[in-house]
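**Student:** So that we are looking at the same thing, I have put the structure below in C-alpha cells.
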Amino acid sequence: MPELPEVEVVRRGLQRWVAGRTVARAEVLHPRAIRRHLPGAGEFAARLEGRTIGSAERRGKYLWLPLDGGDAVLAHLGMSGQLLVAEPGSAPERHLRIRLSFTDGGPELRFVDQRTFGHVLVAPMTVRLPRRVPEPIAHIAADPFEPAFDDERFVIDLRRRRTEVKRALLDQSLISGVGNIYADEALWRARLHGARPTAALTRPKIAELLAAAREVMTEALSEGGTSFDSLYVNVNGESGYFDRSLAVYGRRDQPCRRCGAPIVRESFMNRSSYSCPRCQPRPRTPRKA
DNA sequence: AGGACCTCCTGTCTGC
DNA sequence: TGCAGACAGGAGGTCC
Numbered sequence: 370m371p372e373l374p375e376v377e378v379v380r381r382g383l384q385r386w387v388a389g390r391t392v393a394r395a396e397v398l399h400p401r402a403i404r405r406h407l408p409g410a411g412e413f414a415a416r417l418e419g420r421t422i423g424s425a426e427r428r429g430k431y432l433w434l435p436l437d438g439g440d441a442v443l444a445h446l447g448m449s450g451q452l453l454v455a456e457p458g459s460a461p462e463r464h465l466r467i468r469l470s471f472t473d474g475g476p477e478l479r480f481v482d483q484r485t486f487g488h489v490l491v492a493p494m495t496v497r498l499p500r501r502v503p504e505p506i507a508h509i510a511a512d513p514f515e516p517a518f519d520d521e522r523f524v525i526d527l528r529r530r531r532t533e534v535k536r537a538l539l540d541q542s543l544i545s546g547v548g549n550i551y552a553d554e555a556l557w558r559a560r561l562h563g564a565r566p567t568a569a570l571t572r573p574k575i576a577e578l579l580a581a582a583r584e585v586m587t588e589a590l591s592e593g594g595t596s597f598d599s600l601y602v603n604v605n606g607e608s609g610y611f612d613r614s615l616a617v618y619g620r621r622d623q624p625c626r627r628c629g630a631p632i633v634r635e636s637f638m639n640r641s642s643y644s645c646p647r648c649q650p651r652p653r654t655p656r657k658a
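Under my numbering, the first residue of the first sequence carries the number 370, and numbering increases by one thereafter.
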C-alpha cells in the first residue's frame, strides 16, 4: 500500500532517527524478510554490525541507507511493511521481522511486516551516473521527483509501449513510485480511462497525466502520506493517511467529485481500478473482447 | 524480447 | 455460529 508519498515520509523519519548511527546488532526474526539477501541471515547480520549509516535515500518505493564502506541497506515495504523506531526492550510487535540496535544505546529500528511482501537486504551500489543506486534496483526508473527524471523521455517511452496506460503507470521500469491508488487518482485528474492504449495518447495528454501524478503525490505528501489500512505507520509509529483527498480510489458508487456520476470499480490484474464512467469513458475499441 | 499473467502472504470482511 | 471465499497488491518469475 505505501506508494511514493508514504515511503518519502518514512525516508524523512529514517534520516532523522538513524542517519549517522552505528549498528550494534542485527536480528532477523523471519527468514522471508531477507529472502532477497541470498547469503542468508547470518551474513546479513555480519554485513551490518559495526557499520555506520550515512543518510536515508529513496527512489520510487525503495528506500536505502548507505553504509560506511560503500554498500547500502536496501528496503521495500511491500504491502504492509513498516519501519518503526522503538525503545530498546519495548514489547516486540506481533509481526516484527528484523531488529537493528545501535551502539549509542538509543532507539532501535524495527522492520514490521504483516503480509511479508516487503524485504530488506544489503547490497553494493552501482557506479552508474547521474545517480548511484543499490545494484538490485538498477532497473527501477527514476521517480518523477528526481532531477534525473526526464519528462520528454517519459513521453517518448510511454508512447512506444504497446499496452494500456494504467499498466504503463504501474511499470516501475518506466516511472517509479506510482502504485494502484495514485495511478487511479492521476488518471481521474487527467480524464483518462486506464484501459486507453498508450500508443494513441497525444503528447499533451501524457504531459497532463504526468503533471497529475506529480500533483496528487505532492498533495499526499503534504498531508503526511496516506494509507488506508491501519497497517501503514511512519517510521516513528505515527499513522499517516490522506483518504479525504481521494477522488476515486475506494469510492465505488459514490458521486464523482467533478460530475456526480457514480464511481465504478472494475477488476484489473486481480485487483481494483476505480474511475468515473462519465469523465473517463472506456476506449471505444477495447483491445480485448 | 516486450507484454501479460501468476504467485507470494496474512488479516479482515462478507455472505451463505 | 462458523467457515469459505473475496479482497488488499508490489514486483519478481515465468510463459508466450
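Even for Gly, the Cβ is constructed at its ideal location relative to N, Cα and C.
(1) Answer with buried or exposed for Val496, where buried requires no fewer than 16 other C-beta atoms within 10 angstroms of its C-beta.
(2) Can you tell me whether Arg385 is helix, strand or coil according to DSSP?
(3) With 16 other CB atoms within 10 Å as the buried threshold, where does Asn639 fall?
(4) Does DSSP put Ile422 in a helix, in a strand, or in coil?
(5) Which residue wins for smallest C-alpha separation from Asp512, given the options Arg653, Gly389, Val376 and Gly458?
(6) Please classify Gly450 as buried or exposed, where buried requires at least 16 other C-beta atoms within 10 Å of its C-beta.
(7) Provide the residue span of the alpha helix (DSSP H) that contains Ser591, from first to last.
(8) How should Val378 be labelled, buried or exposed, when 16 other C-beta atoms within 10 angstroms of its C-beta is the threshold for buried?
(9) Would you mind stating whether Glu397 and Ala441 have Cβ atoms separated by less than 9 Å?
(10) Please go through the same chain and pick out, in chain order, the residues whose beta-carbon is closer than 7 Å to the beta-carbon of Ala388, but skip the five residues on each side of it.
(11) Measuring straight from C-alpha to C-alpha, what distance separates Thr532 and Phe523?
(12) With DSSP as the reference, label Ser545 as helix, strand or coil.
(13) So what's Asp526 in DSSP terms, helix, strand or just coil?
(14) So what's Arg402 in DSSP terms, helix, strand or just coil?
(15) Taking the CB atoms as reference points, tell me whether Ala414 and Arg394 lie closer together than 9 Å.
(16) Assess contact between the stretch 527-541 and the stretch 556-568, defined as three or more Cβ pairs (one per stretch) separated by less than 8 Å. Is contact present?
(17) In three-state DSSP terms, what is Tyr558?
(18) Identify the continuous beta strand (DSSP E) that holds Met453 and give its terminal residues.
(19) Is it the case that the stretch 498-510 contacts the stretch 537-547, given that we only count it when at least three CB pairs across the two stretches are under 8 Å?
(20) For Pro505, does the three-state DSSP call read helix, strand or coil?
(21) Quick one, which of His464, Gly429 and Ile467 has its alpha-carbon nearest Val659's?
(22) Once you ignore the five residues that flank Leu446 on each side, which residues in its own chain have a CB closer than 6 Å to its CB?
(23) Beta-carbon within less than 8 Å of Arg390's beta-carbon, same chain only, minus the 5 sequence neighbours each way: which residues are those?
(24) On the CB-based measure, 16 or more other CB atoms within 10 Å of its CB, does Asp482 come out buried or exposed?
(25) List the DSSP bridge partners of Tyr431.
**Tutor:** On the basis of the data shown:
(1) Burial call: exposed.
(2) Correct three-state label for Arg385: helix.
(3) So Asn639 counts as exposed.
(4) Of the three classes helix, strand and coil, the one that applies to Ile422 here is strand, per DSSP.
(5) Of the candidates Arg653, Gly389, Val376 and Gly458, the one whose C-alpha sits nearest the C-alpha of Asp512 is Val376.
(6) Under this definition Gly450 is a buried residue.
(7) Residues Arg572 to Ser591.
(8) Flag for Val378 reads buried.
(9) Per the sequence shown, residue 397 should be read as Val rather than Glu. The Cβ-Cβ distance between Val397 and Ala441 does not fall below 9 Å.
(10) For Ala388, where only same-chain residues beyond five positions count, the Cβ hits under 7 Å are Ile422, Gly423, Ser424 and Ala425.
(11) For Thr532 and Phe523, the distance between alpha carbons rounds to 15 Å.
(12) Here Ser545 sits in coil by DSSP.
(13) Of the three classes helix, strand and coil, the one that applies to Asp526 here is helix, per DSSP.
(14) Before going further, note that residue 402 is Ala rather than Arg in the sequence given. Look at Ala402 here: in three-state DSSP terms it is helix.
(15) The answer is yes: Cβ separation under 9 Å.
(16) By the C-beta criterion, the stretch 527-541 is judged to be in contact with the stretch 556-568, since at least 3 inter-stretch pairs fall below 8 Å.
(17) Contrary to the premise, residue 558 reads as Arg rather than Tyr in this sequence. The answer is helix: DSSP assigns Arg558 an H, G or I state.
(18) Looking at the sequence provided, one finds Leu at residue 453 rather than Met. Per DSSP, Leu453 belongs to the beta strand (DSSP E) from Gly450 to Ala455.
(19) Yes: at least three Cβ pairs fall under 8 Å.
(20) Judged by DSSP in its simplified three-state form, Pro505 adopts helix.
(21) Lying before the first or after the last residue shown, residue 659 is absent from the chain, which here runs from 370 to 658.
(22) In the same chain as Leu446, and ignoring 5 residues on each side of it, the C-beta atoms closer than 6 Å to its own belong to Pro371 and Gly487, in chain order.
(23) Correct list, in chain order: Thr421, Ile422, Phe471, Thr472, Asp473 and Gly475.
(24) By the neighbour-count definition (other C-beta atoms within 10 Å, threshold 16), Asp482 is a buried residue.
(25) Beta-bridge pairing links Tyr431 to Arg428 and His445.
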